[in-house]
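Note sheet for the following structure.
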Amino acid sequence: MTLENISCQKSFGGWHKRYKHNSHVLGCDMTFAVYLPPQAEQGGKLPVLYWLSGLTCTDENFMQKAGAQRMAAELGLIIVAPDTSPRGPGVPGDPDNAWDFGLGAGFYLNATQQPWAKHYRMHDYVVQELPALVEAHFPASDKRGISGHSMGGHGALVCALRNPERYLSVSAFSPISNPMDCPWGQKAFSRYLGEERSKWREWDACVLISETSHKLPLLVDQGDRDDFLAVQLKPEALRQAAKAANHPLELRLQPGYDHSYFFIASFIEDHLRHHARALLG
Numbered sequence: 002m003t004l005e006n007i008s009c010q011k012s013f014g015g016w017h018k019r020y021k022h023n024s025h026v027l028g029c030d031m032t033f034a035v036y037l038p039p040q041a042e043q044g045g046k047l048p049v050l051y052w053l054s055g056l057t058c059t060d061e062n063f064m065q066k067a068g069a070q071r072m073a074a075e076l077g078l079i080i081v082a083p084d085t086s087p088r089g090p091g092v093p094g095d096p097d098n099a100w101d102f103g104l105g106a107g108f109y110l111n112a113t114q115q116p117w118a119k120h121y122r123m124h125d126y127v128v129q130e131l132p133a134l135v136e137a138h139f140p141a142s143d144k145r146g147i148s149g150h151s152m153g154g155h156g157a158l159v160c161a162l163r164n165p166e167r168y169l170s171v172s173a174f175s176p177i178s179n180p181m182d183c184p185w186g187q188k189a190f191s192r193y194l195g196e197e198r199s200k201w202r203e204w205d206a207c208v209l210i211s212e213t214s215h216k217l218p219l220l221v222d223q224g225d226r227d228d229f230l231a232v233q234l235k236p237e238a239l240r241q242a243a244k245a246a247n248h249p250l251e252l253r254l255q256p257g258y259d260h261s262y263f264f265i266a267s268f269i270e271d272h273l274r275h276h277a278r279a280l281l282g
């Protein structure tokens, strides 16, 4: 598969690069960013952390705002950040042009309902197609971690819980923990997956925790001044599900922090070290 380089910038001795490629899974062109630490030029293959961003975001938000490159360079981690949904001519968005559905809001699932089923297959893109592409074109090993924020935190948890054999580590910032029981999730699931709620269960982290036999430890940070905390994110539901299933979860409620990238930047080092222990150990 051909990659088109869009930009290249030096950062902490490594390189931040953006690429465009045609996705067979999504049926459109996609853009992703990759940070290659200095160790990438020294031979050998490095582990990869996949970062999934939230509603309305692209591949650029995390790479420009989180300040992750310094620690990634120190640890020797590749970071890959895809876009949050398919885009381009012929890709349907929200019929009402709402910001919380459609373009920029793929929810990291595989849609089954028309007109979204053809393009909105972000789960398969993140879990299968993108890693295959990264591992074929960069000095990347098959040692993978996954993390994300908000909708992307939901995506990271779901991707890891559904595919534990593909990931060695997982974490999340302010994830939509129980999408079956919040307005954002209900809107997306009813349209992408249909009205039959039994079909939603395979895309909800609280349900998946109760069904998986793998015990991949979860690290979750949540700000206690997040405007979306009570209605949309519901971290206590995740805590209760993990406790009932005896699934290892470190859920940290951080006082004074909101939903912004100031919050992510404040704790990204902890998350990178969490992933490095599993990926480099």
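In our numbering, the protein residues as written are 2 to 282.
Each residue gets a CB set at the ideal place from its N, CA and C atoms; glycine is no exception.
Determine whether the beta carbon atoms of residue i and residue j lie at a separation below 7 Å.
i	j	result
Gly1	Leu104	Given that the chain is displayed from residue 2 to residue 282, the structure contains no residue 1 and the question cannot be resolved.
Gly14	Ala74	yes
Gly68	Ala266	yes
Ala82	Ala118	no
Ala157	Leu53	yes
Phe102	Ala242	no
Leu47	Ala41	yes
Gly165	His215	A quick correction: the sequence has Pro, not Gly, at residue 165. Contact flag set, yes.
Gln255	Gly195	no
His17	Met2	no
Cys207	Leu230	no
Val26	Glu130	yes
Thr85	Cys58	yes
Ala112	Tyr193	yes
Ser178	Pro96	no
His120	Gly28	yes
Pro38	Gly77	yes
Lys66	Tyr262	yes
Leu56	Ala106	yes
By the three-class DSSP mapping on this structure, what secondary structure does residue i have?
i	result
Ser172	strand
Gln43	coil
Leu287	Within the shown structure, residues of the chain are numbered from 2 to 282, placing residue 287 beyond reach of any answer.
For the beta strand (DSSP E) that contains residue i, what are its first and last residues?
i	result
Asp30	Cys29 to Leu37
His22	Gly15 to Ser24
Which same chain residues end up closer than 7 Å to residue i when comparing Cβ atoms and leaving out the 5 residues on each side of it in sequence?
i	result
Ser175	His150, Ser151, Gly154, Gln223, Gly224, Asp227, Leu234 and His260
Ala161	Ile147, Tyr168, Val171 and Leu217
His138	Leu4
Lys11	none
Asp143	Glu136
Pro249	Lys216, Pro218 and Leu219
Asn6	Lys18 and Tyr20
Take residue i and list the residues in its own chain whose beta-carbon comes closer than 6 Å to its own, dropping the five residues that flank it on each side.
i	result
Ala246	Ile210 and Ser211
Met181	Trp201 and Asp205
Arg253	Asp222
Phe63	Trp52, Ser54 and Ala82
Arg88	Leu104
Grab the span of the alpha helix (DSSP H) containing residue i for me, first residue to last.
i	result
Asp271	Tyr262 to Leu280
Gln65	Glu61 to Lys66
Pro236	Pro236 to Ala246
Arg1	Since the first residue of the chain shown is 2 and the last is 282, residue 1 is not available in this structure.
Glu5	Where Glu5 is concerned, there is no enclosing alpha helix (DSSP H), although the beta strand (DSSP E) it sits in stretches over Glu5 to Ser12.
Leu250	From DSSP, Leu250 is part of no alpha helix (DSSP H) but of the beta strand (DSSP E) over Leu250 to Gln255.
Met72	Gln70 to Leu76
Kindly list the residues whose CB is nearer than 8 Å to the CB of residue i, restricted to its own chain and excluding five residues on each side of it in sequence; keep chain order.
i	result
Pro116	Pro93
Glu203	Arg163 and Leu209
Val159	Tyr109, Leu110, His124, Trp204, Asp205, Ala206 and Leu209
Review point. Quick one: complete alpha helix (DSSP H) runs, 4+ long, within the segment 155-233?
Key: Listed in chain order, the alpha helix (DSSP H) elements of length 4 or more contained wholly in the segment 155-233 are 184-193 and 206-212.
Exercise for review: Write down every uninterrupted run of the beta strand (DSSP E) in the segment 80-159 whose length is 3 residues or greater and which is fully enclosed by it, in chain order.
Suggested key: With a minimum length of 3 residues, the continuous beta strand (DSSP E) runs that stay inside the segment 80-159 are 141-149.
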